[in-house]
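A.B. asks: Got a structure for you, written out below as structure tokens; questions coming shortly.
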Amino acid sequence: DPNYESGEILISRERGQRRIAVNINIRNRDVASVVADLEEAISQNIVLPPGYSIEFGGDFENLERAKKRLAIALPIALGLIFILLWQAVGKISDAMSIFFTIPLASIGGVLGLEFAGLPFSISAAIGFIALFGIAVLNGLVMVNSFHAKDASLPTILNIFRGSSSRVRPVLMTAAVASMGFLPMILASGAGAEVQRPLAIVVVSGLITSTLLTLVVVPSIFVLRRKWRKNANA
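Right, here's the structure in full:
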């Protein structure tokens with residue numbers, strides 16, 4: 029005679045083994061930190077029998093894949109930026125001076141994420157790449173003004189006049205980009221968790237890079253000219 033017992037409706041299998049999926053939704057936290065807490069709790073409280081294992085998939089698996097791709101894409105992007113700068117200005121020293129705007133922009137991006145209480149994510153990393161491009165463009169605009177110099181004036185005065193003449197273009201570039209990302213910062217609907225980190229990185233990074241570029245890049249050129257004079261003396 030048939031007997032009725034409670035049991036699994038569906039038994040899933042993967043790679044020849046039975047699999048049970050546990051789905052969770054995360055709010056107000058990032059996936060990586062939640063998985064780290066789960067792994068710590070599992071290691072301290074659960075002893076798995078032989079043949080059993082726990083794997084984290086879904087968004088966490090996609091995040092790990094994206095990190096590996098980003099580890100390749102970011103150095104390539106920075107290398108291409110430097111090569112294009114070198115071709116644009118014609119000198120490695122000038123390209124290095126402009127390339128220095130990238131860490132200046134990174135300062136603002138990191139502080140923006142920290143102030144907003146957001147973790148580093150793939151969308152934030154994409155924001156950093158976009159930020160580097162805008163920061164380098166501002167640095168290029170600044171450096172090009174230094175080469176349009178008056179031979180009758182001292183070097184320091186030429187650099188000061190060149191940087192002063194490029195204040196408006198640099199501020200305009202940063203302002204236009206910041207205003208474009210402002211709606212993404214204020215977003216609160218679906219997809220806001222992806223948009224906000226990217227926009228915060230770009231806007232906060234542009235604030236610091238713009239202010240520091242107007243001061244640091246001209247200072248680097250002044251120090252370079254002094255060093256050359258001392259070396260030739």
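Each position in the sequence shown, counted from 1, maps to that position plus 28 in this note's numbering. Cβ atoms here follow ideal geometry from the backbone N, Cα and C, with glycine treated the same way. Here the structure is a predicted model, which means the values were calculated and not measured.
Counting pairs of beta carbons, one from the region 118–135 and one from the region 242–250, are three or more of them closer than 8 Å?
C.D. replies: yes
A.B. asks: Nearest-angstrom Cα distance between F249 and F84?
C.D. replies: Locating residue 249 in the sequence shown gives position 221, counting from the first residue. Locating residue 84 in the sequence shown gives position 56, counting from the first residue. Straight-line Cα distance between these residues: approximately 51 Å.
A.B. asks: Do F127 and I109 have their beta-carbon atoms positioned less than 9 Å apart in this structure?
C.D. replies: On the sequence shown, position 81 is the one that residue 109 refers to. On the sequence shown, position 99 is the one that residue 127 refers to. Yes.
A.B. asks: List the whole-angstrom C-beta distance separating G24 from G208, where the pair is believed to meet the contact cut-off of C-beta under 8 Å.
C.D. replies: Absent from the model: residue 24. The displayed extent of the chain is 29 to 261, so no value can be given.
A.B. asks: Determine the direct distance from the alpha carbon of I228 to that of F148, and round the result to whole angstroms.
C.D. replies: One-based indexing of the sequence shown puts residue 148 at position 120. One-based indexing of the sequence shown puts residue 228 at position 200. Using only the alpha carbons, I get a separation of about 11 Å.
A.B. asks: Exposed or buried, Q223, counting other C-beta atoms within 10 Å across all chains shown (16 or more means buried)?
C.D. replies: The residue you call residue 223 lines up with position 195 of the sequence shown. Buried, because 16 or more other Cβ atoms sit within 10 Å of the Cβ of Q223.
A.B. asks: How far does the alpha helix (DSSP H) with E142 in it reach, from first residue to last?
C.D. replies: In the sequence shown, the residue the question calls residue 142 occupies position 114. Run containing E142: 129–144, per the alpha helix (DSSP H) assignment.
A.B. asks: On the three-pair Cβ rule with 8 Å, is the region 161–169 touching the region 67–81?
C.D. replies: no
A.B. asks: Can the beta-carbon of A158 be found less than 9 Å from the beta-carbon of V230?
C.D. replies: In the sequence shown, the residue the question calls residue 158 occupies position 130. In the sequence shown, the residue the question calls residue 230 occupies position 202. The answer is yes: Cβ separation under 9 Å.
A.B. asks: Out of P30, V198, G161, E221, state which residue places its alpha-carbon closest to the alpha-carbon of S173.
C.D. replies: Locating residue 173 in the sequence shown gives position 145, counting from the first residue. Nearest of P30, V198, G161, E221 to S173, Cα basis: V198.
A.B. asks: Mark I213 as exposed unless 16 or more other C-beta atoms lie within 10 angstroms of its C-beta, in which case mark it buried.
C.D. replies: Residue 213 sits at position 185 when you count from the first residue of the sequence shown. The residue in question, I213, is buried, as its Cβ has 16 or more Cβ neighbours within 10 Å.
A.B. asks: Taking A263 and L91 to be in contact with their CB atoms under 8 Å, please state how far apart those CB atoms are, rounded to whole angstroms.
C.D. replies: Outside the modelled stretch of the chain, which goes from 29 to 261, sits residue 263, for which no answer is possible.
A.B. asks: With a threshold of 6 Å on Cβ separation, who are the neighbours of F88 within its own chain once the five nearest residues in sequence on each side are excluded?
C.D. replies: Reading the sequence shown from its first residue, position 60 is the one you call residue 88. The residues are V59, V63.
A.B. asks: Please say whether L113 and A101 have beta carbons closer to each other than 9 Å?
C.D. replies: Taking the first residue of the sequence shown as 1, we reach residue 101 at position 73. Taking the first residue of the sequence shown as 1, we reach residue 113 at position 85. No, the Cβ-Cβ distance between A101 and L113 is not below 9 Å.
A.B. asks: Could you work out which residue in P30, I48, G44, R43 is closest to I37 when comparing CA atoms only?
C.D. replies: What you label residue 37 is simply residue 9 of the sequence shown in a count that begins at 1. Checked all of P30, I48, G44, R43; the closest Cα to I37 is I48.
A.B. asks: For R41, which residues does DSSP report across the bridge?
C.D. replies: Here residue 41 refers to the residue found at position 13 of the sequence shown. DSSP, once it has assigned bridges, lists R46 as partnering R41.
A.B. asks: In whole angstroms, give me the CA-to-CA distance for I120 and R41.
C.D. replies: Start at 1 with the first residue of the sequence shown, and residue 120 comes out as number 92. Start at 1 with the first residue of the sequence shown, and residue 41 comes out as number 13. The alpha-carbon atoms of I120 and R41 are separated by roughly 58 Å.
A.B. asks: So A101 is in the alpha helix (DSSP H); what residue range does that whole segment cover?
C.D. replies: Within the sequence shown, numbered from 1, the residue matching residue 101 stands at position 73. Residues 87–117.
A.B. asks: Cα separation between L139 and P225?
C.D. replies: If you number the sequence shown from 1, residue 139 lands on position 111. If you number the sequence shown from 1, residue 225 lands on position 197. About 12 Å.
A.B. asks: For V50 and D65, I'd like the C-alpha separation in whole angstroms.
C.D. replies: Taking the sequence shown and counting its residues from 1, one reaches residue 50 at position 22. Taking the sequence shown and counting its residues from 1, one reaches residue 65 at position 37. Taking the straight line from one Cα to the other gives about 16 Å.
A.B. asks: Kindly give me the distance between the Cβ atoms of R46 and I52, rounded to whole angstroms, as I take these residues to be in contact under 8 Å.
C.D. replies: Locating residue 46 in the sequence shown gives position 18, counting from the first residue. Locating residue 52 in the sequence shown gives position 24, counting from the first residue. No, R46 and I52 are not in contact; Cβ-Cβ is about 20 Å, not under 8 Å.
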